[in-house]
Amino acid sequence: VWVESGGNKIGAITDLDGKFTIKPLQPGIYNLSVSFISYQSHMLGGVTVNAGKITFLDDINLKTSAKDIGEVVIVEYKDKLIVHEQPGKMTIRGDAMNQMPDNRNLVGMLATITTDIKVSDNGDVYVRGSRSGTEAYYIDGVLVSRINGNVPALSIGSMTVYTGGIPAQYGDVTSGVIVIETKGYFELYNQRQAKLAYEAHVKEMEKREEKQKERDQEMEEERKKYED
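When you read off a place in the sequence shown, starting at 1, and then add 6, the result is the number in this note's numbering.
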């Protein structure tokens with residue numbers, strides 16, 4: 007929303023309810039212009055601004071600007087949790103893991119991925135009835151003794167569980183293999199930047215709402231003065 011004064015545009019951005027305040031303006035008669043994405047611009051002429059007074063306007067309704075666009079096709083690709091050609095292999099992506107309750111307990115999460123794995127109350131893992139301790143854990147190709155506490159849940163790119171048909175690269179494992187691949191540096195960086203951008207957006211919206219409340223209060227006080 008803006009007016010032109012002396013060749014310069016003086017304007018403001020409305021709040022979510024369409025309210026706005028333009029100041030300071032010299033006394034005079036102005037043409038007020040309003041524009042918004044996907045709507046036709048609108049000009050309201052003959053808006054009078056008097057010295058020491060607030061000018062209130064009636065509602066301004068914008069008309070939609072309809073445009074024909076081509077067909078948009080959205081295709082989503084997902085990794086299959088279970089591959090029929092490899093029934094003993096299950097893969098879950100990190101973003102799906104983050105949606106699970108208690109996602110920091112990676113061992114406890116194993117039992118939610120497949121019924122072939124049982125986890126006892128003290129954290130012992132049993133794959134297809136085999137005794138605990140016969141399974142193997144790999145993080146980025148490195149054999150480790152455990153996974154809880156070794157890798158933050160947010161840094162996991164994917165976790166693959168083998169309960170059968172174990173690839174030869176993992177050696178002579180008698181029960182199962184759990185393979186974790188972590189996210190790369192740039193993926194973690196982009197994830198962090200997205201989070202910071204979202205938090206900054208939320209803070210900015212909160213500031214705008216607070217300023218708008220102050221403006222509404224000022225305008226209400228001014229209105230009461232004129233009514234009195």
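Ideal Cβ positions, reconstructed from N, Cα and C, are used throughout, including at glycine.
| Item | Value |
| --- | --- |
| Assigned exposure category for A57 - 16 Cβ within 10 Å defines buried | exposed |
| Exposure of Y204, with buried meaning 16 or more beta-carbon neighbours within 10 Å | exposed |
| Buried/exposed call for Y45, threshold 16 Cβ in 10 Å | exposed |
| Same chain, Cβ closer than 6 Å to K189, five either side skipped, listed in chain order | S161 and G163 |
| Member of I184, I119, P33 and S39 whose CA lies at the smallest distance from the CA of K15 | S39 |
| Residue from H48, I60, P33 and T169 whose Cα sits closest to the Cα of E226 | I60 |
| Beta-carbon spacing of M106, M115 below 8 Å | yes |
| CB of L112 within 8 Å of CB of A159, strictly | yes |
| Contact between the segment 211-231 and the segment 15-26 (3+ Cβ pairs under 8 Å) | yes |
| Closest residue to G147 among G139, M165, R137 and S138 (Cα-Cα distance) | M165 |
| Span separating the alpha-carbon of P33 from that of L63 | 16 Å |
| Residues that A142 bridges to, as DSSP identifies them | V183 |
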